[in-house]
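Q: Numbering (our numbering), first residue to last: 17 to 492.
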Ligand code: BYC
């Protein structure tokens with residue numbers, strides 16, 4: 017295992033001390049990152065003492081150290097998973113050849129585009145969550161938010177390292193731009209749509225962690241297959257941290273469902289008004305939030321048929337998650353994939369695309385199956401409590417802004433409908449202004465150790481075997 021050097025200004029396991037030029041370039045970027053964090057991160061909590069994990073190694077056992085840290089003093093560093101000996105290219109036209117330790121010149125701009133897109137999402141999410149700390153439902157949740165924030169900051173470092181180390185001056189310029197674009201900024205927004213959506217309440221936050229961080233899992237797994245080995249190794253280690261972010265989403269939404277069911281049982285009613293009078297989240301309201309974040313996150317996979325996707329697969333730049341274990345044909349030169357597209361007459365038709373061009377859709381399909389898992393679990397909770405309400409994922413054609421279904425009005429099941437019907441029924445499908453106002457009214461800070469807001473059940477256990485009433489964040 018490669019040790020992490022914590023005595024350096026930038027903790028790392030890439031032997032930065034022996035590459036003075038790179039070290040200087042990154043040390044030049046470091047104060048800019050900190051300035052961005054102070055401005056755009058959870059800056060009202062700069063002096064809070066937070067119980068955080070910090071990476072101290074890259075092997076599966078004991079890679080993290082837990083301790084109390086003030087966030088601006090967090091040791092953001094550069095950590096790559098250990099190399100795999102004799103690793104060979106796992107897909108595309110160069111299948112079986114040795115992986116690359118440098119970026120081949122002819123693929124430089126394709127790599128740069130993907131790395132910049134990946135890097136852009138990380139600070140974007142911190143910006144989106146910038147004010148959430150003020151309305152935390154508990155100190156446990158507040159700590160989880162901050163853990164995610166600092167780790168998204170570290171993921172930004174991961175991409176900036178690759179840009180600086182392998183893309184020269186262009187890479188350094190891109191690294192500056194990553195701090196110059198901002199979520200929701202009219203002039204310089206973040207690259208991908210979902211990362212410009214505001215996250216102003218914790219219901220949105222948990223949905224974001226469940227759906228959008230899961231896109232992160234799929235994209236990072238695809239890049240972890242890359243023939244450019246330093247990128248693959250960076251992404252492999254990022255995935256270790258990413259698991260906690262999705263855990264926060266899944267357990268957060270599960271706890272909301274649990275609390276709602278408790279309230280329904282207490283009052284012996286299931287109508288939304290009665291549930292809201294008790295300060296809980298009615299299930300139809302939760303469904304509308306799921307509809308919003310799921311449909312937005314589906315767009316993050318790009319178009320169903322994409323020449324970019326075909327090129328990056330053919331060139332060994334971006335593979336499919338678990339390429340080695342999940343697929344037999346790693347070249348996909350002649351295979352095809354069936355997709356559903358609008359028929360131009362208000363209906364749906366099947367079309368066949370060369371497999372390489374359909375890679376975004378292959379990934380999206382796998383992602384949708386992964387998203388179903390949490391819903392099955394929550395539906396089981398609902399069923400066990402004796403209710404026949406079922407949470408559902410909307411169709412992958414619903415409310416799309418990218419790809420074949422972009423701006424085609426459909427209902428939740430994906431049936432094309434008239435624009436008039438679509439607009440009329442939308443308040444039943446997505447959170448309405450009054451839904452959002454209600455959710456906002458629930459967002460009152462609970463900051464006493466062990467206490468929970470009334471709209472969410474406590475988690476099953478605390479962090480790192482600590483009790484639930486541990487003071488996970490010491491506020492001023
Ligand atoms: N919004 O051929 P197309 C994460 C652009 S999340 C706006 O359809 P392609 C995280 C696309 O960029 C994971 N624009 O798609 C989660 C392209 O623009 P250019 C992030 C979009 O290129 C939570 C054009 O449309 N990582 O880590 O095959 C917290 C045509 O594109 C959108 C990655 O995404 C959209 N939704 O694939 C923190 C991995 N979708 O270049 C972090 C890197 C597409 O022509 N990115 N466009 O100007 C990629 O692999 C690919 O760029 C995409 C799109 C999958 C995004």
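By construction, the Cβ of each residue, glycine as well, lies at the ideal position given by its N, Cα and C atoms. Keep in mind that this is a model prediction, so the values were computed, not measured.
Taking only heavy atoms of the ligand BYC into account, decide whether any of them is closer than 7 angstroms to the Cβ of residue 424.
A: Judged by the Cβ position, residue 424 fails to qualify as a neighbour of the ligand BYC at the 7 angstroms threshold, every heavy atom of the ligand being at least this far.
Q: Where does residue 413 sit, in a helix, a strand or coil, going by DSSP?
A: coil
Q: Would you mind sorting residue 291 into buried or exposed? The rule is 16 or more other CB atoms within 10 Å of its CB.
A: buried
Q: Say the cut is 7 angstroms; is the CB of residue 138 nearer than that to a heavy atom of the ligand BYC?
A: yes
Q: For residue 129, is the beta carbon positioned less than 7 angstroms from some heavy atom of the ligand BYC?
A: Yes, since a heavy atom of the ligand BYC falls inside the 7 angstroms radius drawn around the Cβ of residue 129.
Q: Give the straight-line distance between the Cα atoms of residue 446 and residue 60, rounded to the nearest whole angstrom.
A: 31 angstroms
Q: Does the structure place the region 449-462 close enough to the region 424-441 that three or more beta carbon pairs sit under 8 angstroms?
A: By the Cβ criterion, the region 424-441 is not in contact with the region 449-462, since fewer than three pairs of Cβ atoms, one from each stretch, lie closer than 8 angstroms.
Q: Quick check on the DSSP output: what are the complete alpha helix (DSSP H) runs of length 4 or more inside the region 375-412, in order along the chain?
A: Along the length of the region 375-412, whole alpha helix (DSSP H) runs at least 4 residues long occupy 375-400, reported in chain order.
Q: Who are residue 135's beta bridge partners in DSSP?
A: None; residue 135 has no bridge partner.
Q: Identify every residue that forms a DSSP beta bridge with residue 84.
A: 67
Q: State yes or no: is the C-beta of residue 165 within less than 8 angstroms of the C-beta of residue 264?
A: no
Q: Excluding sequence positions up to five away, which residues of its chain have a Cβ less than 8 angstroms from the Cβ of residue 365?
A: 356, 357, 358 and 359
Q: Between the region 183-202 and the region 275-291, are three or more C-beta pairs nearer than 8 angstroms?
A: Too few Cβ pairs lie closer than 8 angstroms, so no.
Q: How many Å lie between residue 79 and residue 350 at the Cα?
A: 42 angstroms
Q: With distances taken Cα to Cα, identify the nearest neighbour of residue 150 among 478, 483 and 459.
A: Comparing Cα-Cα distances from residue 150 to each of 478, 483 and 459, the minimum goes to 459.
Q: Any chance the CB of residue 334 is under 7 angstroms from a heavy atom of the ligand BYC?
A: yes
Q: Measuring straight from C-alpha to C-alpha, what distance separates residue 247 and residue 296?
A: 44 angstroms
Q: From the DSSP output, in three-state form, read off residue 122 for me.
A: DSSP places residue 122 in helix when its eight states are reduced to three.
Q: Please check the pair residue 332 and residue 107, which I expect to be a contact at CB under 8 angstroms, by giving their CB distance rounded to whole angstroms.
A: 6 angstroms
Q: Please say whether residue 98 and residue 11 have beta carbons closer to each other than 8 angstroms?
A: Nothing in the structure corresponds to residue 11, since the chain is present only between 17 and 492.
Q: Return helix, strand or coil for residue 475, following the three-state DSSP convention.
A: coil
Q: For residue 26, count the other beta carbons within 10 Å of its own beta carbon; 16 or more makes it buried, fewer makes it exposed. Which is it?
A: Residue 26 should be labelled buried.
Q: When burial is assigned at 16 or more other CB atoms within 10 Å of the CB, is residue 345 buried or exposed?
A: exposed
Q: Could you give the first and the last residue of the continuous beta strand (DSSP E) run that contains residue 369?
A: 364-370
Q: In terms of DSSP beta bridges, what is residue 354 paired with?
A: 368
Q: Which of helix, strand or coil does DSSP assign to residue 188?
A: helix
Q: I believe residue 163 touches residue 260 by the beta-carbon criterion, under 8 angstroms. Please report the beta-carbon distance rounded to the nearest angstrom.
A: With 8 angstroms as the limit, residue 163 and residue 260 qualify as a contact, their Cβ atoms being about 7 angstroms apart.
Q: Can you tell me the Cβ-Cβ gap for residue 210 and residue 136, rounded? I've got them flagged as a contact below 8 angstroms.
A: Not really, about 12 angstroms apart at Cβ, beyond 8 angstroms.
Q: Less than 8 angstroms between the CB atoms is what I'm expecting for residue 313 and residue 227, so what's the real figure, rounded?
A: 4 angstroms
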